[in-house]
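So the structure is just underneath, and the comments pick up after that.
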Amino acid sequence: MGQRLTDSKFYRRIHDFIVGEAGLLAAIVLISGLVLAFLRLADAVQEGGTAAFDEAILLMFRTPGDVNQVIGPLWVQEMVRDVTALGSFALLGLIVVGVCIYLVLARMQAAALLVIVSVLSGTVLSTLLKMGYDRPRPDLATMSHQFTASFPSGHAMLSAVTFLTIGALLARLAPTRALQFYAISAALLLTLMVGISRLYMGVHYASDVLAGWCLGAAWALLCSAVALMLERRGTIVKADEAR
2 MGQRLTDSKF
12 YRRIHDFIVG
22 EAGLLAAIVL
32 ISGLVLAFLR
42 LADAVQEGGT
52 AAFDEAILLM
62 FRTPGDVNQV
72 IGPLWVQEMV
82 RDVTALGSFA
92 LLGLIVVGVC
102 IYLVLARMQA
112 AALLVIVSVL
122 SGTVLSTLLK
132 MGYDRPRPDL
142 ATMSHQFTAS
152 FPSGHAMLSA
162 VTFLTIGALL
172 ARLAPTRALQ
182 FYAISAALLL
192 TLMVGISRLY
202 MGVHYASDVL
212 AGWCLGAAWA
222 LLCSAVALML
232 ERRGTIVKAD
242 EAR
């Protein structure tokens with residue numbers, strides 16, 4: 002009976018679907034896990050369950066005996082300001098414009114539209130969540146002026162959305178595995194650097210940054226899954242086909 006089951010058309014269809022759609026299925030699982038992690042973090046923040054953790058991480062970057070003074074020499078502080086600027090609206094906007102112009106010139110308008118929609122929708126989502134949770138910022142002397150609520154971190158979320166979406170798209174277009182690995186690794190590194198810089202500057206709690214990373218990565222994965230489907234339809238072509 003077992004042999005008959007494995008030989009059935011239904012079994013073969015299920016097997017072929019799982020094998021053929023392994024990437025999409027993995028993306029769905031990861032997206033679900035990241036969204037669940039965000040929701041758990043949000044609940045913990047509202048209930049005060051992250052207070053001790055958040056305080057401990059903030060104090061790691063502060064001088065013992067003076068919580069308003071960050072650790073490290075002045076050149077480190079300036080470097081951190083430069084790094085955190087990578088997650089600002091202005092710089093992310095310039096990066097998106099530059100990437101989209103390249104994609105349009107390469108006759109990949111659908112890919113350019115995907116990047117624009119991903120970043121703009123992520124920005125709207127981040128803004129709405131900040132307004133909804135309305136968490137106050139850490140009560141510390143910071144290295145920059147802040148005008149929005151704390152949860153989730155907009156810099157962490159939008160850098161994840163932007164860099165990971167572009168990284169995933171470049172990886173899909175890359176002709177070699179080495180270039181694919183480089184694109185994803187660079188995107189992850191930039192995302193991590195921006196988030197950590199927010200903690201160093203004292204403008205966010207660790208739970209804000211973790212939540213921003215989770216939701217931003219989930220959004221980028223969703224967009225990369227859409228890119229994969231567009232590629233299969235021929236709307237987005239691989240690098241060697243676009244030349």
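To convert a position in the sequence shown, counted from 1, into this note's numbering, add 1.
A virtual CB, placed ideally from N, CA and C, is assigned to each residue, including glycine.
Taking all protein chains shown into account, do 16 or more other C-beta atoms lie within 10 angstroms of the C-beta of residue i, making it buried, or fewer, making it exposed?
i      : result
Asp209 : buried
Val71  : buried
Thr192 : buried
Asp17  : Legend: pLDDT at Asp17 = 48, less than 50; position of this residue unreliable, no value from coordinates given.
Trp76  : exposed
Phe164 : buried
Asp67  : exposed
Leu42  : buried
Ala28  : buried
Pro139 : buried
Tyr103 : exposed
Ala112 : buried
Arg136 : buried
Asp241 : In this prediction, Asp241 scores a pLDDT of 41, lower than 50, which makes its location untrustworthy; the coordinate-derived value is nonetheless stated afterwards. Counting Cβ neighbours within 10 Å, Asp241 comes out exposed, since fewer than 16 surround it.
Arg244 : For Arg244, the pLDDT reaches just 48, beneath the cut-off of 50, and the residue's location in the model is therefore unreliable, although a value from the coordinates is still provided. Burial call: exposed.
Met132 : exposed
Ala246 : Only positions 2 to 244 of the chain appear in this structure, which leaves residue 246 out of reach.
Leu93  : buried
Phe182 : exposed
Ala91  : exposed
Ala184 : buried
Leu35  : buried
Leu37  : exposed
Leu95  : exposed
Met61  : exposed
Leu130 : buried
Ser127 : buried
Could you check how far apart the C-beta atoms of residue i and residue j are, in whole angstroms? I think they sit under 8 Å.
i      : j      : result
Arg199 : Ser154 : 6 Å
Gly217 : Ala150 : With 8 Å as the limit, Gly217 and Ala150 do not qualify as a contact, their Cβ atoms being about 17 Å apart.
Val97  : Val125 : That belief does not hold up - the Cβ atoms of Val97 and Val125 are roughly 14 Å apart, past 8 Å.
Leu159 : Gly123 : 6 Å
Gly203 : Leu59  : 6 Å
Arg173 : Leu229 : 7 Å
Ser119 : Trp220 : 7 Å
Thr85  : Val195 : 6 Å
Val100 : Ile197 : In fact, because the Cβ distance is near 24 Å, the residues do not count as touching under 8 Å.
Ala161 : Gly213 : 7 Å
Asp44  : Tyr206 : No, Asp44 and Tyr206 are not in contact; Cβ-Cβ is about 15 Å, not under 8 Å.
Leu245 : Leu222 : This structure cannot settle anything about residue 245, because the visible part of the chain is limited to 2 through 244.
Tyr134 : Phe152 : 5 Å
Per DSSP, which one or two residues make a beta bridge with residue i?
i     : result
Asp67 : Thr64
Residues in the same chain with beta-carbon distance under 6 Å from residue i, minus the five sequence neighbours each way, listed in chain order, please.
i      : result
Phe39  : Ala212, Cys215 and Leu216
Leu226 : Per the sequence shown, residue 226 should be read as Ala rather than Leu. Once the five neighbours on either side are set aside, the close Cβ partners of Ala226 are Leu25 and Ala28.
Tyr201 : Phe62 and Val81
Leu121 : none
Please list, in chain order, all residues of the same chain as residue i whose beta carbon is under 8 Å from its beta carbon, the five residues on each side excluded.
i      : result
Leu141 : Leu59, Arg63, Val68, Asn69 and Gly203
Ile15  : Note that Ile15 scores a pLDDT of 49, beneath 50, so its modelled location is shaky; the value from the coordinates is reported in the next line. Correct list: empty, nothing qualifies.
Gln47  : Tyr134
Thr51  : Leu42, Ala45, Tyr206, Ala207 and Ser208
Suppose the cutoff is 7 Å on Cβ atoms and the five residues either side in sequence are ignored; what does the same chain contact list for residue i look like?
i      : result
Cys224 : Leu115, Ser119 and Thr166
Practice task
Counting only runs of 4+ residues fully inside the segment 71-98, write out the alpha helix (DSSP H) ranges in chain order.
Solution key: The segment 71-98 contains these whole alpha helix (DSSP H) runs: 75-86.
Exercise for the section: At 4 residues or longer, and completely inside the segment 155-191: list those alpha helix (DSSP H) runs for me, N to C. Expected result: Listed in chain order, the complete alpha helix (DSSP H) runs (minimum 4 residues) inside the segment 155-191 are 155-174.
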